[in-house]
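*Asks:* If you scroll down you'll find the structure; I have some questions about it.
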Amino acid sequence: MDASSIIAALQPLVPGASYEAGSSVDFATIYVPADTLVETCTVLRDNPAFAFNVLIEVTAADYFPRDPRFEVVYHLLSVGNRRRLRLKVRTGADGAVPTVQRVWRSAGWLERETWDMFGIVFDGHPDLRRLLMPEDWEGHPARKDYPVQIRKAAQTYEPLEVSETEFKANIERDRVKRAH
Amino acid sequence: MAELRTETMTVNMGPQHPSTHGVLRLVLELDGEIIKSAMPTIGYLHTGIEKTAEQKKWQQVIPLVERMDYLGAQSNSLAYALSVEKLLGLTMPKRVDDIRVLIAELQRISSHLIWLGTHGLEVGAVSMLFYCVRERELLMNINELIAGFRFFPSYIRIGGLREDLPRGFHEAVNAFLERFPEKIDEFERLLTKNDVYRRRTENVGVLTQEEAFDWGLVGPIARGCGSDYDVRKYFPYCGYDTYDFTVPTATEGDVYARYRVRVAEMRQSVNICKQAIARISPTGEWACDDPRVVPPPKDKVYSEMEALIQHFLIYSQGFTVPAGDVYVPVEGPRGEHGCYVVSDGTNRPWRVKMRAPSFMAIQALPYIIHEGLIADVVAVIGSTDVVMGDCDR
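In order, the protein sequences belong to chains B and H.
Position 108 of the first sequence, counting from 1, maps to 118 under our numbering, and the rest follow consecutively.
Position 320 of the second sequence, counting from 1, maps to 333 under our numbering, and the rest follow consecutively.
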């Protein structure tokens, strides 16, 4: 199944979507607009003609200074049909892509890593925090305008100073919070 | 009588824990011995290899990607080399494919041996580690023979191999293949029917096939849940379709099923290696004949002008790769290793991204160990065979 036949089969199932075939040397590539991504993915997973039941990978590539600069790449695998598919979503630095975590659970960390590395916001993601980089890291290292070698001063923290009463109060507060 | 307080307890496990296979940190919320929630923290081994790769020439990336999944080093470099070769449109001579298959299977055995040893160690069969490392030593010696480097040989290159096979290679591989099946029997005698081991692993960390796929777990974990998905069979590369082997599966989806799948995989790998070594002649082609990528032989460099220019170009500027992107998966020891490569048509990669099976396994870990016992956490981590270098890259 090449890209154009997949698009022809998809278009009636997702009303109002405009797809675009991408060039590739391995397997079919489709550009999907961000606003119909979740509907498209749901169809691709549930329709037996596609049955893409595994989300292999979510990643991105930064084509700075092209505009829009990012392409978010989804690699899908259909074990039953022995087929692969690549979806691409174009997005800018301020744009956002909807999360597909409700379609495939494996998207959770993959999208988190993509946000961590590229700063691409995934709308509706429940836990968009740093994954590989430290919590207090600034910037998104995989971007092309992020310097390769940076010098960062060693960060030190004051030792935690909590009195015994404060510590007990914290534990109690935590316990009460969890009880409710 | 005072009312019993029933609060959950939060326990930190790792990052410096002997059974977390590197530096994985888990924050567990316990109700007695039952796990109510778990929160993994990763990133301790993040070294920015993918960013570094963008600054290197195409060929220089090979040693970098080998350091990602450090126990399955050569399946990383195989995935990377295959993806770049696909962009370049190169096809390998049959002998190169056969050597690559042989190396990939030896690497799988080597990785599974470390898995079996550490997994056995963690659930109480301490002596497994010594037996497994003893066998793995022979595979390390083979690596040393072909490349002079035991852990990260960087022997697989874009365009073929680093050089031809050394003298004594066939003898070393054959000696190992001769000896190893007996050793698998020995491992199985120690564990497969061991009552203690079975009680620690049966019905522990159970996953169904749908759940495994939903979490993106393809590889030995999914094959322990009844799937027969194996990249070598579904999307053959390097001529795997010409080898006679089966894909071991189990249906229970627990830790014990994953153990049986991996042990059976080692037997199949020996089977493939025997077929491969019989096909490989002691000397012959070890690279494709594309002058863009493969440096000319040394005697021509000294006698022909064009060869000298080509030699100089390859070692100073490297080669360029046509613009485009490609994803090539291979069946690594931990599951589907894939390499997504983007080229902008220059002599350096624009983007290199490795698909990390360990990353997916750790993501699913809280789900697998939910409502299980704390003692089972170690068994489950062991059974998912995570390598933190692969996870954090």
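C-beta atoms are modelled at their ideal positions from N, C-alpha and C, and glycine is treated no differently.
If you're wondering where the values come from, they're calculated on a predicted model, not measured in any experiment.
#1: Mind checking which residues open and close the alpha helix (DSSP H) that includes residue 57(H)?
#2: To be precise: take each residue of the stretch 83 to 103 of chain B, compare its Cβ to all Cβ atoms of chain H, and keep it if any distance is under 8 angstroms. Which residues remain?
#3: Looking at the structure shown, is residue 89(B) part of a helix, part of a strand, or coil, going by DSSP?
#4: Can you tell me which of the three DSSP states residue 18(H) falls into?
#5: Along the stretch 227 to 258 of chain H, what residues have a CB closer than 7 angstroms to any CB found in chain B?
#6: Can you grab the Cα-Cα spacing for the pair residue 186(B) / residue 20(H), in whole Å?
#7: Residue 294(H) to residue 74(B), Cα distance in whole Å?
#8: Looking only at its chain, what residues have a beta carbon closer than 6 angstroms to the beta carbon of residue 389(H), apart from the 5 residues adjacent to it on each side?
#9: Go ahead and label residue 99(H) buried or exposed: buried means 16 or more other beta carbons lie within 10 angstroms of its beta carbon, across all protein chains shown.
#10: Can you round the beta-carbon distance between residue 405(H) and residue 59(H) to whole angstroms, since I take them to be within the 8 angstroms contact cut?
#11: Between the stretch 145 to 164 of chain H and the stretch 373 to 385 of chain H, are three or more C-beta pairs nearer than 8 angstroms?
#12: Considering only residues of the stretch 90 to 177 of chain B, which uninterrupted alpha helix (DSSP H) runs meet the minimum length of 4 residues and lie entirely inside it, listed in chain order?
#13: Against chain B, with Cβ distances strictly below 8 angstroms, would residue 16(H) count as a contact?
#14: Taking all protein chains shown into account, decide if residue 256(H) is buried (16 or more other Cβ within 10 angstroms of its Cβ) or exposed.
#15: Leaving aside the five residues before and after residue 125(B) along the sequence, list all residues of the same chain whose C-beta is less than 7 angstroms from its C-beta, in chain order.
#16: Along the stretch 335 to 366 of chain H, where does the CB come closer than 8 angstroms to a CB of chain B? Name the residues.
#17: DSSP three-state call for residue 353(H): helix, strand or coil?
#18: Please classify residue 59(B) as buried or exposed, where buried requires at least 16 neighbouring CB atoms within 10 angstroms.
#19: Apply the 10 Å Cβ neighbour rule to residue 161(H) and answer buried if 16 or more other Cβ atoms are within range, or exposed otherwise.
#20: Would you say residue 47(B) lies against chain H (beta-carbon separation less than 8 angstroms)?
#21: Rounded to a whole number of angstroms, what is the C-alpha to C-alpha distance between residue 148(H) and residue 124(H)?
#22: Compare the C-alpha of residue 32(B) against each of 64(B), 63(B) and 16(B) and name the closest.
#23: Can you tell me whether DSSP reads residue 66(B) as helix, strand or coil?
#24: In the DSSP output, which residue or residues are listed as bridge partners for residue 41(H)?
#25: Residues of the stretch 47 to 72 of chain B with a CB closer than 9 angstroms to any CB of chain H: list them in chain order, please.
#26: Please confirm whether residue 94(H) and residue 75(H) have their CB atoms less than 8 angstroms apart.
#27: Pair every Cβ in the stretch 284 to 294 of chain H with every Cβ in the stretch 229 to 237 of chain H, then say whether three or more of these pairs are closer than 8 angstroms.
#28: So which residues of chain B does residue 56(H) contact, with C-beta pairs closer than 9 angstroms?
#29: Would you list the residues sitting across from residue 368(H) in a DSSP beta bridge?
#30: Give the residues of chain H in contact with residue 105(B), contact being defined as C-beta atoms less than 7 angstroms apart.
#31: Where do the N-terminal and C-terminal ends of the alpha helix (DSSP H) with residue 398(H) fall, by residue?
#32: Given residue 222(H), which residues of its chain have a CB within under 8 angstroms of its CB, disregarding the five upstream and five downstream residues?
#33: Would you list the one or two residues that DSSP bridges to residue 386(H)?
#34: Can you have a look at residue 42(B) and say buried or exposed, based on whether 16 or more other CB atoms are within 10 angstroms of its CB?
#35: Counting only Cβ pairs nearer than 8 angstroms, list the residues of chain B close to residue 100(H).
#36: Helix, strand or coil, according to DSSP, for residue 61(B) in the structure here?
*Replies:* The answer reads as follows:
#1: Unbroken run through residue 57(H): none, as it is neither H nor E.
#2: Correct list: 83, 85, 87, 89, 92, 94 and 96.
#3: The answer is coil: DSSP assigns residue 89(B) none of H, G, I, E or B.
#4: Coil, per DSSP.
#5: Here the close residues are 227, 228, 229, 231, 240, 242 and 247.
#6: If you take the alpha carbons of residue 186(B) and residue 20(H), they lie about 10 angstroms apart.
#7: Each residue's Cα considered, the two are about 48 angstroms apart.
#8: Only 217 meet the Cβ criterion.
#9: Taking all protein chains shown into account, residue 99(H) has 16 or more neighbouring C-beta atoms within 10 Å of its C-beta and is therefore buried.
#10: Correct: roughly 4 angstroms between the Cβ atoms.
#11: Output reads no: the stretch 373 to 385 of chain H does not touch the stretch 145 to 164 of chain H.
#12: For the stretch 90 to 177 of chain B, the full-length alpha helix (DSSP H) segments reaching 4 residues or more read 117 to 128 along the chain.
#13: For residue 16(H), the answer is no, since every Cβ of chain B falls outside 8 angstroms of its Cβ.
#14: Burial call: buried.
#15: Closer than 7 angstroms at Cβ, skipping near neighbours: 131, 132 and 138.
#16: If the cut-off is 8 angstroms between Cβ atoms, the stretch 335 to 366 of chain H has 337, 338, 339, 340, 341, 342, 349, 351, 353, 355, 363, 364 and 366 near chain B.
#17: Looking at residue 353(H) - three-state DSSP - the assignment turns out to be strand.
#18: Within 10 angstroms of the beta-carbon of residue 59(B) lie fewer than 16 other beta-carbons, which makes it exposed.
#19: By the neighbour-count criterion, in which a residue is buried when 16 or more other Cβ atoms sit within 10 angstroms of its Cβ, residue 161(H) is exposed.
#20: Cβ-Cβ to chain H under 8 angstroms: no for residue 47(B).
#21: Cα to Cα, residue 148(H) sits roughly 11 angstroms from residue 124(H).
#22: Of 64(B), 63(B) and 16(B), the smallest CA-CA separation from residue 32(B) is found for 16(B).
#23: Residue state for residue 66(B) is assigned as strand, using DSSP reduced to three classes.
#24: Beta bridge pairing from DSSP links residue 41(H) with 24(H) and 51(H).
#25: Residues of the stretch 47 to 72 of chain B with a C-beta atom less than 9 angstroms from some C-beta of chain H are 63, 64, 65, 66, 67, 69, 70, 71 and 72, listed in chain order.
#26: Closer than 8 angstroms, so yes.
#27: No contact exists between the stretch 284 to 294 of chain H and the stretch 229 to 237 of chain H.
#28: Scanning chain B for C-beta atoms nearer than 9 angstroms to the C-beta of residue 56(H) yields 126, 140, 141, 142, 143 and 144, reported in chain order.
#29: Residue pairing for residue 368(H): DSSP places it in a beta bridge opposite 351(H).
#30: Ordered by position in chain H, no residue passes the 7 angstroms Cβ test against residue 105(B), which lies about 19 angstroms from the chain.
#31: Here residue 398(H) belongs to no alpha helix (DSSP H), and DSSP marks it neither H nor E.
#32: Cβ within range, chain order: 235, 238, 239, 240 and 266.
#33: 47(H).
#34: When all chains shown are included, residue 42(B) counts as buried.
#35: Within 8 angstroms Cβ-Cβ: 35.
#36: The answer is coil: DSSP assigns residue 61(B) none of H, G, I, E or B.
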